[in-house]
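Protein chains in written order, with full-length UniProt numbering: chain A, 1 to 284; chain B, 1 to 205; chain C, 1 to 243; chain D, 1 to 276; chain E, 1 to 250. Virtual Cβ for every residue (Gly too), placed ideally from N, Cα, C. Quick notes on the structure that follows.
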């Protein structure tokens, strides 16, 4: 399996490796493999050619806004850390297939991954990563770093590059090195960022983040920024909507906040500005 | 992607007792992006006759202009008010004239007979096939969701208030599941005395 | 997009889009000249794909009292050709106060078939009688080529019976002999050809006009054939046990 | 622009009021198609239509479902079109085409009746339909059963979109025709009486409606006798009825919908429309 | 042509108060003034003869033929304004070819005559001037025998047993009527035709004239051909003797 083949084949450690292989039954991380079509058929093209790109139940769940950013506490009363905020819509074409998808998936106590792209792809591979991380911690007697977890994730995705996986994930967490966000996608990209947004509504979210983000914020400011950015993204992007789920990861741990209806957020926002957003019926 | 869902938008009409309701969403998009939230798809043609045009926005606009032109010509020639049936036939013929190169818009007509106040609603496909049931019609991206929900929300002989609630709740339900429509909705309740236009609270995502 | 898009013209019955298989007369047409007239014989099957849309079609279309046209190919095309040519012949007959000769009528058919050879799928036999030339039979395959024939077969069923016709045609046949051979040939063709079938229609055109007779498969005078019975399909050792 | 020029302009616009097809959008539509936009669905009467003649008359019938893709676009659409008092046409195919073709036929036949002072004949209707449809080479998707009684007796013709016509004693068309024609082939007899013919047509329609996704809801019948035409329908067969009536009424209390803004449009009271 | 046009003769589109179209009558006059042309139908063929003046010795022999063909089997004899004759002949050939292409058989004489008559008639309706010529259409086939059609400038077309047009048509017709045409063999017919042309010739004008002649009949296998000069010369010789005998009888 892809995850298992990245052991260093260094001459010096080979004996040790062989010994381990022979006498220590190291847990196998994942024996999963996709049954692939024979004769070099590419699944993606095959589905496209034979069922058409228009077919509704083959349009995988897409359309999302996810964001995450790091911040430092502005006052000693604040904790700082990472804010992760996402919408909750799953759509297939114009059809909203779910209004309440949890797009922040746990990887560990202080680590989460967000999902954007194919929902099934994200959920499945996040589970594989989580399993790897757990086994890693059991084996190494120390929690895995965000960098290592995200690298494993990126390697897995790179192995399937070009076969039609659709994943855009942010692995966010607090480890011994501090807070970190790694953006990972199905093209094999992996990059460490302080402010990050992924999904069809990401550009809209970036607009808000870039305007209002400060490296030092109070916890409340940071949460407001997360909600606000998601709300604005869902407003412009028809692929995003529902409620805004928000997670705050601080040095102490992970806090999940209940979902807030983005439509409600928008009405509150408009009221705050005193702007009349209700359509005024015009005469014809 | 179908050209019919490029801009998005949904129109619904329901018939009651001497009243009809016609509801429209307000979104104007370009595929996934919402460009404007003040684009109603329902247009007044005469006092008691309204037309809804869902589909490709630029064609909807062209067709609306053609409809208004023909309606003007009709009133000048015939010197009488346009009945909703007559308007529907007019639009049907207009659309069918473009049978082999159609406008990508599905017209919907709702109104009351100017004299008898008999409600009339109908929907068409892009080449002008009229379907005029007695209960409700819907066109646009949310059509499939609307037809389902209206089956239960519609009742015989509703008065104007009940009809408004049923129409508003139907379109709100459809907007819950249709990503290409929404961002506010307007309901026109046409009775023999007046037309009530109400902007209802809808989701903004 | 454009509503004439290929996918919209094709049949999707499950989606309520109604099939548009072209209706064609996959046909057997047999005809023979005799001294003083012509005998034509046809089957009566009209099919749209694998569906038999009519089993009692009359493929012998009268154009004048002394002229018939036997149609094969796309049904709509051949019907229209017959209609238009009939109209032209009637118009000429009136304008010129003279009967149009069979040869010239054939040439009118040819003009049509040739001018629209790219749009139409039609092949016809023109059979008739006139005072100058007597009984005449012309074959016009797709494309507008004309030949006068003493004995001919066309349509999908013709391949099965050309040999039979070659064997049974002889010079100076009488009307009765011709009718017998033609009927037998149509019977043979419908027996083997999947797109021919139904009843047999035999038309005789001579100086008295046109006389079309119909033979039903359940009638006594319908040609009957017995196909060789098959051998049992069991292997020899199983066959032995069965006995 | 001089006065005459502007008059001519108005005149030209007036003339653009229907009749011939316009091909203005064809190039644009084909270009958009190449850009990858999918064409809209058209309503089609994926249908079962049936007709059978009996001793002296004719029974014709159709289901009432119109479909657009998988949606039932109309549950009670009228597929039995009246052409004249004693000639009717049932249609299958593209719904808009059927409406327009039958409308054209009925007006042409009526005009002819007024001009000649005689009742139109079925064969006239058939030939008009055939020539119109052949002109458009099948692109007008109208499949018709044209039947009626005229002074020469009862006649039934089948006319396809390509312009093929056939005279028949009994016929079925539409996506449900395979089921319907089987029933007709089995049970049709020459010289039936009216009740038998009506029962047969109804049975054939039931077969089509239950066997075909695109047919159903209810059926309409027309019985054409030499002296009188009787229209019956809509008849809802048992298997097309809603399995359970709705017990629970979804009735919203007034005020359940949040209204953000409202406006009232009053009608102008106009005593008479004087337009100068 | 007694009355003067008084303004009603300026175009073929105008009737005179007494119901005549002068332009057509003038066109007919152009034919009446031209050289005499006769056509005779005998037992098994048709001959057509015309007397032609030779205006100058510098002309090539037969430089202005009046006997032409519309198709192999259809002889045309054209009397009147010469360019009009050519135009009619071109049209006739065209129609003949069109018919051949459409129906793969030669155009029937009757059909060509009707077509030409229709064409000529069209020019009498006022759009242009009428044709100033008359056309004999001559044919022969085994079944129907010989046929003579004449198309006049008015668009009239009749079938004749024999006919004459041109300057001395009355005299020629008087001569023709004396013949028992149905009994005449082809060579006899040629001789009689020449005799008639010579008999009606204006006194003292027998210099610088020639006879052009075509025939179609059993002897030509139904093809319309010019009569060979030798045959004409022989016929002239015979005719001269016959005429001399007549003179002696008087």
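Under 8 Å from the C-beta of residue i: neighbouring residues of chain G
| i | result |
| --- | --- |
| residue 43 (chain B) | Looking for chain G here will not work: the only protein chains present are A, B, C, D and E. |
Own chain, CB closer than 6 Å to residue i, minus 5 neighbours either side, in chain order
| i | result |
| --- | --- |
| residue 72 (chain E) | 223 |
| residue 222 (chain D) | 60, 80, 88 and 231 |
| residue 200 (chain E) | 168, 171 and 172 |
| residue 151 (chain C) | 32, 165 and 169 |
| residue 203 (chain D) | 183 |
| residue 18 (chain B) | 117 and 192 |
Cβ-based burial, residue i [other Cβ within 10 Å; buried from 16]
| i | result |
| --- | --- |
| residue 87 (chain A) | buried |
| residue 60 (chain E) | exposed |
| residue 120 (chain B) | buried |
| residue 231 (chain C) | exposed |
| residue 136 (chain C) | buried |
| residue 164 (chain B) | buried |
| residue 139 (chain A) | exposed |
| residue 254 (chain A) | buried |
| residue 117 (chain D) | exposed |
| residue 227 (chain E) | buried |
| residue 184 (chain C) | buried |
| residue 70 (chain C) | buried |
| residue 129 (chain C) | buried |
Contact with chain D by residue i, beta-carbon distance below 8 Å
| i | result |
| --- | --- |
| residue 52 (chain B) | no |
| residue 23 (chain C) | yes |
| residue 21 (chain B) | no |
| residue 280 (chain A) | yes |
| residue 156 (chain C) | no |
Min CB distance residue i to chain A below 8 Å
| i | result |
| --- | --- |
| residue 260 (chain D) | yes |
| residue 263 (chain D) | yes |
| residue 212 (chain B) | Chain B is shown from 1 up to 205; residue 212 (chain B) falls before or after that span and cannot be answered. |
| residue 170 (chain B) | no |
Three-state class that DSSP yields for residue i in the structure shown
| i | result |
| --- | --- |
| residue 147 (chain E) | strand |
| residue 67 (chain D) | strand |
| residue 80 (chain E) | strand |
| residue 213 (chain C) | strand |
| residue 228 (chain C) | coil |
| residue 160 (chain A) | coil |
| residue 71 (chain C) | strand |
| residue 168 (chain C) | helix |
Within-8 Å CB hit, residue i to chain E
| i | result |
| --- | --- |
| residue 111 (chain C) | yes |
| residue 149 (chain C) | no |
Below-8 Å beta-carbon distance, residue i vs any chain C residue
| i | result |
| --- | --- |
| residue 209 (chain D) | no |
| residue 170 (chain D) | no |
Nonlocal neighbours in the same chain, by C-beta distance under 7 Å from residue i, ignoring five residues either side
| i | result |
| --- | --- |
| residue 259 (chain A) | 88, 243, 244 and 245 |
| residue 252 (chain A) | 79 |
Residue i at chain B interface by Cβ criterion, 8 Å
| i | result |
| --- | --- |
| residue 75 (chain D) | yes |
| residue 237 (chain A) | yes |
Completely contained beta strand (DSSP E) runs for the region 158-193 of chain E, where each covers 3 or more residues: Considered as a whole, the region 158-193 of chain E harbours 162-165 as its complete beta strand (DSSP E) runs of no fewer than 3 residues, in chain order.
Complete beta strand (DSSP E) runs within the region 192-250 of chain D (minimum length 3 residues, chain order): The qualifying runs are 219-224 and 229-235.
Sequence ranges, beta strand (DSSP E) only - wholly within the region 85-136 of chain B, length at least 3: Segments of the beta strand (DSSP E) lying fully in the region 85-136 of chain B: 105-112 and 119-124.
Whole alpha helix (DSSP H) elements within the region 87-163 of chain D, 4-residue minimum: Entirely contained in the region 87-163 of chain D, the alpha helix (DSSP H) runs reaching 4 residues are, in chain order, 95-116 and 122-135.
Every unbroken beta strand (DSSP E) within the region 197-230 of chain E, with a cutoff of 3 residues, ordered by chain: For the region 197-230 of chain E, whole beta strand (DSSP E) runs of length 3 or above, ordered along the chain, are 209-217.
Ranges of the alpha helix (DSSP H) found wholly within the region 83-146 of chain C, counting only runs of at least 4: The qualifying runs are 102-115.
4-residue-minimum alpha helix (DSSP H) runs that sit fully inside the region 83-150 of chain E, ordered along the chain: As far as the region 83-150 of chain E is concerned, its whole alpha helix (DSSP H) runs of at least 4 residues are 109-122.
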